[in-house]
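Chemist: Residue numbering for the sequence shown follows our numbering, beginning at 21 and increasing consecutively. Cβ atoms here follow ideal geometry from the backbone N, Cα and C, with glycine treated the same way. Following this message is one structure expressed as structure tokens.
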Amino acid sequence: MNIENAQVQMRKGILEFCILHIISRGEVYASDMLDELTSARIMVVEGTLYPLLTRLKNSGWLDYKWVESSSGPPRKYYVLTDEGKIFLDAMQATWFELAESVQTVIHRTEDLSKAASSNLPEPN
21 MNIENAQVQM RKGILEFCIL HIISRGEVYA SDMLDELTSA RIMVVEGTLY
71 PLLTRLKNSG WLDYKWVESS SGPPRKYYVL TDEGKIFLDA MQATWFELAE
121 SVQTVIHRTE DLSKAASSNL PEPN
């Protein structure tokens, strides 16, 4: 596996969490989600977003409503359901716990690396 594939897999793992966060702020249109995710450097394309939104809706975590548009067809705006808010809260707690755990591992590795390099003999 190359670094690009590893990065894609890491981003996919947090995409659902980020989408739910964006929707938790209020009604949001899918293209606005795409824009925010892109600006946050979580690359996603419509072909990834729409199936994920459908899955989240089918899970009962979000809903949508159609809003008429003066400049084209009606737009679908997404909102979190009460179940979705509970699910997001649980994911948030998991995220903080996971982030803390990963930081613990990273800091331990850095500390061990510093200790090992300080014990090396000076080069001639």
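(1) By alpha-carbon positions, which one of Asn-139, Arg-45, Ile-39 ends up nearest to Leu-69?
(2) Using CA coordinates, which residue listed in Phe-107, Ile-42, Trp-81 is at the minimum distance from Ile-62?
(3) What are the residues that DSSP puts in a beta bridge with Lys-96?
(4) Within a Cβ cutoff of 6 Å, which residues of the same chain sit near Ala-135, ignoring the five residues on either side of it in sequence?
(5) Measuring only the C-alpha atoms, how far is Glu-66 from Leu-54?
(6) Which residues share a DSSP beta bridge with Tyr-49?
(7) Three or more C-beta pairs under 8 Å: does that hold for the region 89-109 against the region 44-54?
(8) Determine the DSSP secondary structure at Ile-62, reduced to helix, strand or coil.
(9) Taking only the alpha-carbon atoms, compute the straight-line gap between Ala-26 and Trp-81 and give it to the nearest angstrom.
(10) Within 10 angstroms of its Cβ, does Thr-28 collect 16 or more other Cβ (buried), or is it exposed?
Modeler: With the given structure in hand:
(1) Reading the sequence shown from its first residue, position 49 is the one you call residue 69. Checked all of Asn-139, Arg-45, Ile-39; the closest Cα to Leu-69 is Ile-39.
(2) On the sequence shown, position 42 is the one that residue 62 refers to. If we check each option's Cα against that of Ile-62, Ile-42 comes out closest.
(3) Translated into the one-based positions of the sequence shown, residue 96 becomes position 76. According to DSSP, which records beta bridges pairwise, Lys-96 is partnered with Trp-86.
(4) Against the sequence shown, residue 135 aligns to sequence position 115. So the list is empty, once near-sequence residues are dropped.
(5) Translated into the one-based positions of the sequence shown, residue 66 becomes position 46. Translated into the one-based positions of the sequence shown, residue 54 becomes position 34. Roughly 8 Å between the two C-alpha positions.
(6) Residue numbering aside, residue 49 sits at position 29 when the sequence shown is read from its first letter. Answer is Tyr-97.
(7) yes
(8) Reading the sequence shown from its first residue, position 42 is the one you call residue 62. Ile-62 falls in the coil class under three-state DSSP.
(9) Stepping through the sequence shown from its first residue, residue 26 is reached at position 6. Stepping through the sequence shown from its first residue, residue 81 is reached at position 61. In a straight line, the C-alpha of Ala-26 is about 28 Å away from that of Trp-81.
(10) Stepping through the sequence shown from its first residue, residue 28 is reached at position 8. The question names Thr, but residue 28 is Val in the sequence shown. Val-28 should be labelled exposed.
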